[in-house]
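The structure appears right after this line, and notes come after that.
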Amino acid sequence: MSRAGQQEASAATSAQSSKQVADSTKPKQQAAQEVESRDGEKDVHCSPLLRGEPSLLAAEGLFAARSIESRSTIFSEAALLTIDVNIAVPNQEEFLAQVRYLSDDQKSALIHLGHHGTVRYRVDDIDKLLELDAAAATHFLIGTFWHFCYPFVKGQARHGLFEWTSFLNHECKPNCELSFNPKTNLLTLRALEDIEEGREVTISYISPYATWTDRNVNLGFFCRCRSRWDMGRGRRARRKFDARESRLESLSEGLPVLRLYRDQWFAGQEPMDMAPADRLQAARAIVAAPETEEIRNKLEELLLVAQKEASWQSELSIIFEVKYLLYMAKSTVTGDEKAKNEALDAKGVQFKLLGRCLGLAHPQVQRAKLICFALLDGNEEGFLADVDELEEFEIDGTLIRAKQRCYPRSECGRLGP
Numbered sequence: 018m019s020r021a022g023q024q025e026a027s028a029a030t031s032a033q034s035s036k037q038v039a040d041s042t043k044p045k046q047q048a049a050q051e052v053e054s055r056d057g058e059k060d061v062h063c064s065p066l067l068r069g070e071p072s073l074l075a076a077e078g079l080f081a082a083r084s085i086e087s088r089s090t091i092f093s094e095a096a097l098l099t100i101d102v103n104i105a106v107p108n109q110e111e112f113l114a115q116v117r118y119l120s121d122d123q124k125s126a127l128i129h130l131g132h133h134g135t136v137r138y139r140v141d142d143i144d145k146l147l148e149l150d151a152a153a154a155t156h157f158l159i160g161t162f163w164h165f166c167y168p169f170v171k172g173q174a175r176h177g178l179f180e181w182t183s184f185l186n187h188e189c190k191p192n193c194e195l196s197f198n199p200k201t202n203l204l205t206l207r208a209l210e211d212i213e214e215g216r217e218v219t220i221s222y223i224s225p226y227a228t229w230t231d232r233n234v235n236l237g238f239f240c241r242c243r244s245r246w247d248m249g250r251g252r253r254a255r256r257k258f259d260a261r262e263s264r265l266e267s268l269s270e271g272l273p274v275l276r277l278y279r280d281q282w283f284a285g286q287e288p289m290d291m292a293p294a295d296r297l298q299a300a301r302a303i304v305a306a307p308e309t310e311e312i313r314n315k316l317e318e319l320l321l322v323a324q325k326e327a328s329w330q331s332e333l334s335i336i337f338e339v340k341y342l343l344y345m346a347k348s349t350v351t352g353d354e355k356a357k358n359e360a361l362d363a364k365g366v367q368f369k370l371l372g373r374c375l376g377l378a379h380p381q382v383q384r385a386k387l388i389c390f391a392l393l394d395g396n397e398e399g400f401l402a403d404v405d406e407l408e409e410f411e412i413d414g415t416l417i418r419a420k421q422r423c424y425p426r427s428e429c430g431r432l433g434p
């Protein structure tokens, strides 16, 4: 169960579409605000960093209650309910059993998500509904689930309904990103840039590298964010817009090619995982392949495009992974030390990107870290003296240097947003 940061954000589902189209049905008692229900209970704050307000993007949204630094963890949450992705209609008993085991606060949150009218329901209302009319309860809950359900990437096992994530609106150039950690089963929202107080916190429902036309088709609704209009009016603005659309088209077309190439490398194995003889044989085959130079040229082209887009989205980390694999192959075949340093350089950048977007504890980040250690081969002093106390990594030529600064444990306790 995952949204991961975002490895497969290329397709918007009908659940996302209905969320934006029907945002007017969101409860007026916004999740991030503290309000009293009819029975005197109070909603819980999702984060002291957020508050609920009316939004220009939709009926309501989550806004920064104070300034938020780039890479800060804003909140982490577990799913209220989950459904197997292979089941079109969930088993009623299994689904209702999950609801019965929710705490009162969680049941209250579920009611608020499904609140469509002026009547304010209480926690015991849902308990009575579960007891007296299981079919009606299932209808109410399934409707709420599919309206707000956040989709997960291909290959994952279940869909999930997340309380606070349900109130995040879409923006084509978002200031935050979600990542799912399969080890903790937590969905985490982190800032991709500095967010000033009063600004809405947003995510991208689909790949941020889709063109304007493809984006609106895949979203299923017309996006009202400002990314299109920020470029101004007139011929110059149009040329600027067309140039960016061309860059986005290159990214959206090139990333799947590179992802496929990466998946074919060593049958999905990293060079570090292979026996030396197998590694050399695989490396020779890759270097000798006629498409290698074409891939390398495509890589350099995409790197330039990505640099112009100035995005820290974790999806771009695949570019540096392919670059790492190419240089590792060259180093393995020729013994070229410079190529090995280039491979280390690329893997270090990928580690930085993933660390910022997914957090240090994520399995993908840990894997990148271990490969960096293996490439450094005992020369890691100054790279990762204590990973938990590192704030950011800088790439300088062929060396990876680390700036140390301890995060407050109460806020994050890990590298990355």
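Add 17 to the 1-based position in the sequence shown for the numbering used here, that's all there is to it. C-beta atoms are modelled at their ideal positions from N, C-alpha and C, and glycine is treated no differently. Computed from a predicted structure; not experimentally measured.
For residue 201, three-class secondary structure by DSSP: coil
Same chain, Cβ closer than 7 Å to residue 265, five either side skipped, listed in chain order: 226, 227 and 228
Where residue 238 sits in the DSSP three-state scheme: coil
Residues bridged to residue 186 (per DSSP): 219
Burial state of residue 197 (16 or more Cβ within 10 Å): buried
Rounded C-alpha distance that separates residue 365 from residue 230: 35 Å
Euclidean distance between Cα positions of residue 251 and residue 269: 27 Å
First and last residue of the uninterrupted beta strand (DSSP E) at residue 348: Element bounds for residue 348: not the beta strand (DSSP E) but the alpha helix (DSSP H), 334 to 351.
Neighbourhood of residue 304 by C-beta distance below 7 Å, restricted to the same chain and skipping five residues each side: 346, 347 and 350
Straight-line Cα distance separating residue 94 from residue 179: 7 Å
8 Å Cβ cutoff, residue 202 in contact with chain D: Structure shown: chain D not included; a single protein chain is present.
Spatial distance of residue 211 from residue 306 (CA atoms): 44 Å
Residue environment, residue 200, which counts as buried when at least 16 other CB atoms sit within 10 Å: exposed
Residue closest to residue 187, alpha-carbon to alpha-carbon, out of 214, 240 and 321: 240
Straight-line gap, residue 213 to residue 383 (C-alpha atoms, nearest Å): 31 Å
Residue 256 versus residue 318: straight-line alpha-carbon distance, rounded: 20 Å
Reduced DSSP secondary structure (H/G/I, E/B, other) of residue 81: strand
Sub-8 Å separation of residue 92 and residue 185 beta-carbons: no
With 16 other Cβ atoms within 10 Å as the buried cut-off, status of residue 322: buried
Rounded C-alpha distance that separates residue 83 from residue 215: 7 Å
Bounding residues of the alpha helix (DSSP H) (the contiguous stretch that carries residue 388): 380 to 393
Whether residue 203 touches residue 195 by CB criterion (8 Å): no
Three-state secondary structure assigned by DSSP to residue 369: helix
Closest by C-alpha distance to residue 340, when choosing among 235, 234, 68 and 276: 276
Cα-Cα separation between residue 263 and residue 271, rounded to whole angstroms: 12 Å
Buried versus exposed call for residue 354 [16 or more other C-beta atoms within 10 Å across all chains shown]: exposed
Reference residue 76, options 217, 208, 393 and 342, closest by Cα: 217
CA-to-CA distance, residue 298 to residue 191, given in whole angstroms: 43 Å
7 Å Cβ shell around residue 320 - same chain, five flanking residues per side excluded: 336
Host alpha helix (DSSP H) of residue 296 (start-end): 293 to 305
Run of the beta strand (DSSP E) containing residue 91, from where it starts to where it stops: 90 to 94
Paired residues, beta bridge with residue 193 - DSSP: 208
For residue 180, three-class secondary structure by DSSP: coil
Beta-carbon proximity check, residue 334 vs residue 371, cutoff 8 Å: yes
Residue 360, buried or exposed, once every other Cβ within 10 Å from all chains shown has been counted against 16: buried
Within 8 Å, strictly: CB atoms of residue 85 and residue 66: yes
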